[in-house]
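Okay, so here's the structure we're looking at.
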Amino acid sequence: MKFFNLSIAAVLPLAIATGIVHAAPAPDNGVTGLVISHIVPVGEYNMTYWVDAPGTGTVAARTLSARACGTNDVTCSGSHLASTNVCTQLINSLNTGISIGNSPRSICLGQSNNQCCVSWSGGVGTMPESDLVNAAKNIFGTCFSATNGSGLARNVLLNNICVTQCLSNRPDGCS
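Read in order, the letters of the sequence shown are residues -23 to -1, 1 to 152 in mature numbering (1 follows the signal peptide of the UniProt record, and there is no 0).
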């Protein structure tokens, strides 16, 4: 099947009906303010799409202004370390023509203690998943060792909105 240049909203009902994607379990595991939207099997792992929890309200991202947005200023962290191998697979999986809707705030590959998540600080509207790759590669190249790493990039331009983007082992906490 070829899903390029289709939105998740267009593909998701068919994917669920055919069993390619399955609906997510009920709100989850202590991830503050986010719930699982849907899960897509990718090789030996699952790719999990996280959205704002009902009633939490979407965090408004900063609109583009005169400040320096698009610079992807990277800061590394020693906490919330994610596997280098899983993050490599996540970044490669994002480099498609698939569009994600307004709701996702995080996409994770892997399971529980062995996952890598790309997350961003606010709603940015519908965009291609591949828009997340540039900052993720910058974080990865700066912050990851042969085994693991974690970091964020400030002043990331996603869909003409300035956000912070994170690459770590958790779907939440990117601000």
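Glycine included, C-beta positions come from ideal geometry on N, C-alpha and C.
Do you know offhand how far residue i's Cα is from residue j's?
{"i": "N111", "j": "V95", "result": "11 Å"}
{"i": "N23", "j": "V12", "result": "15 Å"}
{"i": "T25", "j": "L86", "result": "6 Å"}
{"i": "C64", "j": "N90", "result": "13 Å"}
{"i": "L144", "j": "F121", "result": "10 Å"}
{"i": "A43", "j": "C93", "result": "Only weak support exists for where A43 lies, its pLDDT of 41 falling under 50; the coordinates are left without a value."}
How should residue i be labelled, buried or exposed, when 16 other C-beta atoms within 10 angstroms of its C-beta is the threshold for buried?
{"i": "C53", "result": "exposed"}
{"i": "Q88", "result": "exposed"}
{"i": "P18", "result": "exposed"}
{"i": "S60", "result": "buried"}
{"i": "G126", "result": "buried"}
{"i": "A(-1)", "result": "Caution is warranted here: a pLDDT of 44 is assigned to A(-1), below 50, making its placement in the model unreliable, and the coordinate value is therefore given only provisionally. Exposed."}
{"i": "A123", "result": "exposed"}
{"i": "N146", "result": "buried"}
{"i": "S56", "result": "exposed"}
{"i": "S98", "result": "buried"}
So what does DSSP say about residue i, is it helix, strand or coil?
{"i": "L58", "result": "coil"}
{"i": "I75", "result": "coil"}
{"i": "N125", "result": "strand"}
{"i": "A3", "result": "The predicted position of A3 is uncertain, since its pLDDT is 41 and thus under 50; no value can be drawn from it."}
{"i": "A43", "result": "Low confidence applies here, because A43 scores a pLDDT of 41, under 50, leaving its location unreliable; read the following figure in that light. The answer is coil: DSSP assigns A43 none of H, G, I, E or B."}
{"i": "C151", "result": "coil"}
{"i": "V63", "result": "helix"}
{"i": "A130", "result": "strand"}
{"i": "G102", "result": "coil"}
Only counting the same chain, and skipping five residues up and downstream in sequence, which positions put a Cβ closer than 8 Å to that of residue i?
{"i": "T119", "result": "V51, C53, G128"}
Here's a check: name, in chain order, each residue in its chain whose Cβ is nearer than 7 Å to the Cβ of residue i, leaving out the five neighbours to either side.
{"i": "N72", "result": "S107, V110"}
{"i": "P4", "result": "Below a pLDDT of 50, predicted positions are generally treated as unreliable, and P4, at 42, falls in that range; the measurement from the model is reported next regardless. Once the five neighbours on either side are set aside, the close Cβ partners of P4 are V12, A30."}
{"i": "V101", "result": "A38, L135, N136, I138, V140"}
{"i": "P81", "result": "S14, Y26, W27, V28"}
Spatial neighbours of residue i within its chain, please: CB distance less than 6 Å, with the 5 preceding and 5 following residues excluded, ordered by chain position.
{"i": "L134", "result": "C46, G47"}
Just confirm the distance between the C-beta atoms of residue i and residue j, as a whole number of angstroms; I'd bet it's less than 8 Å.
{"i": "P148", "j": "W27", "result": "4 Å"}
{"i": "S76", "j": "T103", "result": "6 Å"}
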